[in-house]
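Accompanying notes for the structure given below.
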Amino acid sequence: MKRIINIITIELFYILSASLVIFTVFELFWPRLVLAYININLILIFWLIIGIFIVVNERLGIK
Amino acid sequence: MKMRIKIRIILWLFLLFVTIWILYMGLVPSGNITYSYDFDKNNFFISKLSPNTRVGEIENDKQRIIADPVYFSLRTSRKFNKAKLGIYYKSNNTDRPIIETGVMVDGTIWRYDLKPVQNKIIDELCNSWNIIEDGDLLFCQKENNFSTIDEFLISTTSSEKIALYNYKLDRDFILADYSTSTVERIIDISLRGAYQFYTYIKNETMDFEFSFLDMNNNKDADRIDINLYYNDLLIDTRHLDDDGNNLDDKKESELRKIELRIPNLPEGVYKIELRVNDDIITREIKSKQKIISFINKINIDNDGTKNIFIYTDSQRLEATTIYPDNLQTIKVGNTEIAVSESYKQFSSVLEASVASSGLHQIILEKDGLVISGNGMFSFSEDGLVNPKFKKVDENLDLTNVKLEYILADYKSPENIDGWNYSRVDIDLSKAYREDRTYSFILSIPGLKIDVLNDFIEIDKIEIELEGDTLFDLLKKKFD
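Respectively, the protein sequence lines represent chains G and U. Quick note: the first sequence uses the working numbering, first residue 1, plus one each step. Quick note: the second sequence uses the working numbering, first residue 64, plus one each step.
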């Protein structure tokens, strides 16, 4: 179960990283295209939480 | 397949789907999209009504308009050509007959192209007259003299018998008793900002010399554009760039001049439009033209001029000053309008003029006032003409027995579930769009915050947009 959660969180982290890059590039070249439908701040917060979770999880795993 | 790969494929497909969906919503490949705002929560595309001082709080997903005018904006990802603006509203406790809406077409002088939402005068008058409808055109006649609208249009019915609304009737305006003048006329009363006026040409050279000052009160570059129109077509322009000082240091520029001398123009009425911001002062207008009729408004700058005489055919007069030192009482015949507070509009309906010309003489003690109304304004009695047809608005004199015909591009509102619903077609191809946003106005002339506590309640705004398809856009790009 722990392994599945690890896989999901890592894959989520990758996909959220990619989303942030894609959406930011969209916003740079076409302002408000993404913001009209999606709150990038929320994606950033979610990405950060998952990132922290992965780091903490890995540290606990090493110990 | 490994679980990691399965999860990865699902997530990446989801991101691909979201990305394609966002691009689809942004590009609007079909060219058609509808946005609506029903006041239940903030809407990204259609803004709230503003300013806050002219609207009530949003209650039960409805908002009240308590003073005129109010504005809202529409954010779009791309340009569109047309909008069908649907408004669900109720007129509560108000007898305001006119509601209009429109899009901003000129960002410099904040000009909106207004279209009718409701005109109770037409609704009530046409109820008892004979009606002919042809598409969106509505023709009402007191007596049944014409069987079709085309028959009326080709007739030579006197303009005194006709009132129009949201319709331009193409007819040449000729002054039979006009004679040319070689005397140079000088308007040396300083005018602030933009204005429009009519002049008349008959076998003479159009001859104007404008002198401008740039006050540099704001940071924008202060361009000066003069446009000349004949039959609503732009036929000539003059331009002056900014004085070179685009700071807000309040340093007055040198006096700069624009000449508008055009020979061999056909006889008729010409409209001259000055497109500037309020940093520009017209210090002087020199002209050999007899007729100079300012359209609806004059903004007289505050430079110490006293006892100013203005003539008008307006039936209603409004006055505002932003200068506390220029509070005064305006005299118009027996009517007096006390401008007793700055930044507040004072208005009065004018009694019928007793002068042979039918014009009112406005006497200002001091300058520094914005004078506006529903007619023309001139600094000389013989310099005023009004080539416009009567308009069916709140100022139309319904006791005028001469009025026999109304021609309007107008459809009465429908009743849907107890709400009035009007759909207005708006041309967006010439609309002003800044920061991917169109600006709209909702105008209810005469609605103000007073003891009547009257208001218009808005339930929903729906905007159906039409534009080029993605294929058309690509075709235009690569043609």
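Each residue gets a CB set at the ideal place from its N, CA and C atoms; glycine is no exception.
Item	Value
Can P92 (chain U) and F236 (chain U) be called in contact, C-beta distance under 7 angstroms?	no
At 3 residues or longer, what runs of the beta strand (DSSP E) sit wholly inside the region 495-542 of chain U?	500-506, 518-529
May I ask you to report which of helix, strand or coil DSSP gives D213 (chain U)?	helix
Whose CA, out of U:R159, U:P476, U:K111, lies closest to the CA of Y134 (chain U)?	U:K111
Under 9 angstroms Cβ-Cβ, which residues of chain G neighbour T82 (chain U)?	S19, I22, F23, F26
Quick one: is I70 (chain U) near chain G, going by C-beta distance under 7 angstroms?	yes
Taking Cβ positions only, does V56 (chain G) come closer than 7 angstroms to chain U?	no
If the cut is a Cβ gap below 9 angstroms, which residues of chain G does F534 (chain U) touch?	Residues of chain G passing the Cβ test: none, with the nearest at roughly 20 angstroms.
Please state the DSSP three-state secondary structure of R234 (chain U).	coil
Under the DSSP definition of a beta bridge, which residues are partnered with V21 (chain G)?	According to DSSP, V21 (chain G) bridges with nothing at all.
Measure the C-alpha to C-alpha separation of A257 (chain U) and V433 (chain U) and round it to an integer number of angstroms.	12 angstroms
Do the region 503-510 of chain U and the region 158-166 of chain U touch if we need at least three Cβ pairs shorter than 8 angstroms?	yes
What first and last residue would you give for the beta strand (DSSP E) that runs through R319 (chain U)?	319-325
Pick helix, strand or coil for T82 (chain U), following the three-state DSSP scheme.	helix
Please report how far the alpha carbon of I10 (chain G) lies from the alpha carbon of I54 (chain G), in whole angstroms.	7 angstroms
What does F143 (chain U) reach in chain G if we use C-beta pairs closer than 9 angstroms?	Under the 9 angstroms cutoff, chain G gives no residues; its nearest Cβ is about 15 angstroms from F143 (chain U).
Could you confirm whether any beta carbon from chain C is found closer than 7 angstroms to the beta carbon of F107 (chain U)?	Considering every chain present, this structure includes no chain C. Its protein chains are G and U.
To the nearest angstrom, report how far apart L177 (chain U) and I252 (chain U) are at their CA atoms.	31 angstroms
Given 8 angstroms as the limit, is there contact between the region 340-351 of chain U and the region 226-233 of chain U, that is, 3 or more CB pairs closer than that?	no
For T383 (chain U) and V402 (chain U), what's the separation of their Cα atoms in angstroms?	7 angstroms
Could you check how far apart the C-beta atoms of A146 (chain U) and I393 (chain U) are, in whole angstroms? I think they sit under 8 angstroms.	Wrong, their Cβ atoms sit about 40 angstroms apart, outside the cutoff.
Over the uninterrupted beta strand (DSSP E) stretch that includes D311 (chain U), give me the two end residues.	Note, D311 (chain U): premise wrong, no beta strand (DSSP E); not H, not E.
Going by DSSP, what residue range makes up the alpha helix (DSSP H) through E187 (chain U)?	183-191
What whole-angstrom Cβ distance do I5 (chain G) and M66 (chain U) have, given they're in contact under 8 angstroms?	Not a contact, Cβ separation roughly 12 angstroms.
Using the DSSP secondary-structure output, state which residues sit across from W482 (chain U) in a beta bridge.	U:I479
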